[in-house]
Structure formats: structure tokens, C-alpha cells
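Below you'll find the structure, written out as C-alpha cells, and then a few comments.
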Amino acid sequence: EDYHLVFSGGSQAFKESNQSMIFALMLGIFVAYMVLATQFNSFVHPFTVLLALPFSVTGAFLALFLTGNSLNLYSMIGLILLMGIVKKNSILLVDFTNERRRQGMAVHEALLEACPIRLRPILMTSAATVAASVPIALAIGPGSETMVPMAIAIIGGVTFSTLLTLFVVPCAYEVFSKLEKHSYHKSA
Numbered sequence: 319e320d321y322h323l324v325f326s327g328g329s330q331a332f333k334e335s336n337q338s339m340i341f342a343l344m345l346g347i348f349v350a351y352m353v354l355a356t357q358f359n360s361f362v363h364p365f366t367v368l369l370a371l372p373f374s375v376t377g378a379f380l381a382l383f384l385t386g387n388s389l390n391l392y393s394m395i396g397l398i399l400l401m402g403i404v405k406k407n408s409i410l411l412v413d414f415t416n417e418r419r420r421q422g423m424a425v426h427e428a429l430l431e432a433c434p435i436r437l438r439p440i441l442m443t444s445a446a447t448v449a450a451s452v453p454i455a456l457a458i459g460p461g462s463e464t465m466v467p468m469a470i471a472i473i474g475g476v477t478f479s480t481l482l483t484l485f486v487v488p489c490a491y492e493v494f495s496k497l498e499k500h501s502y503h504k505s506a
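Per this note's numbering, the sequence shown starts with residue 319, numbered consecutively.
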């Protein structure tokens, strides 16, 4: 006798919504890359900004796991929200560093100046995002089962991403700047 697996009901709906969300995430990342490439006049530095995304997804999954919440449609909406929220931290840092470089500073010196100056705004906006999400994460009552996973994903993603972005983005910026300079001199 042959046995086979057929997705139906809630499982089929989740599979279809999962495919749609993955497409939305990929499209969002592509559009964000194009906008950042235009803003920075570089094809390399948008990657520096987008490095925050894997950290946010990791933090969101970790927070969902630790709190016993599942990956569902609402937590995936939280992941899409995270894309916009966590890129902001990297943009603040990269844009300020680029500004200092346009004023004639070397990459390393520009980073040494940008990191302490941009630390407070990055921490303040991240803390405000987390603080705004805590009441939603602690909600009880009708409809809370839909909003709690989204808020947990946002809290975990923003926290984890902020902590790691403050270290990884400056390092990646310096490495990518050297690669960009090396490839520019090679092609010239």
C-alpha cells in the first residue's frame, strides 16, 4: 500500500503564507539594497547595512524559542517589521562614517569618530522600540495570541541585532572599504 502526505487545512494555509512571506522578505531586501546603493553611491556599503538583517532574524527566532512561541504568520510580520527597524542602526553608522570620509578622514579614523557619536542615538531608538513592544508582548485578553509572537520577534530581533551590529558593522565597513578601494585601483 502506498502512503503519501497531503497538506490540508491550517498546515496548507501556513505553507502558502510562508511562501508569500519569504517572497516579501526577499523582495524587501532587494528593494532596500537598491535604495541604499543609490543613497551611498556604492554597491558595496549597502551590504554593510544589510548585515544587521541576519542578526535580527537570529534574535527573533531565539526569542520565539525561549518564550515558547511558534513561528506563525504574525511572527513573520514581525520579521518584516524588523527589516526596517534594524537597518536604521546600520544606516546611522554608515551614513555618518561616509560623511566623515567625504570630509577627508581615513576609514579607520572616521569609524573611530562615528561609533561613539552614533552610539547614543542607536541605543535610544532601539530601547524605544523594545519599550514600545513590551506591553504588546505581555498582553493578555482577546487577540493577544496574534500580537504576542510579533512583539516577541521584534524585541528579540532588535535587541540581538543592536548588540551585534555595534561590533560587526564597523568591522565590515572597514573590510568592505578596503575591498572597494582594492577593486577600484585594480580596474583603473
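Think of the CB as a built atom: it goes at the ideal place given N, C-alpha and C, for glycine as much as any other residue.
State whether the region 380-392 contacts the region 436-451, with contact taken as three or more CB pairs (one from each stretch) at a distance under 8 Å. no
Just tell me which of S360, V466, L323, T366 has its CA closest to the CA of F485. T366
Name the two residues that bound the continuous alpha helix (DSSP H) containing D413. 391-420
Is the beta carbon of L411 closer than 7 Å to that of V353? no
Could you tell me whether the Cβ atoms of M442 and Y392 are closer together than 7 Å? no
For H322, report the span of its alpha helix (DSSP H) as first-last. No alpha helix (DSSP H) contains H322, which DSSP labels as neither H nor E.
Nearest to V425 by CA position, among F494, F348, V349, G459, is which residue? F494
Outcome for N359 when other beta-carbon atoms lying within 10 angstroms are tallied against a minimum of 16: exposed
Tell me whether the beta-carbon of S479 lies closer than 7 Å to the beta-carbon of G377. yes
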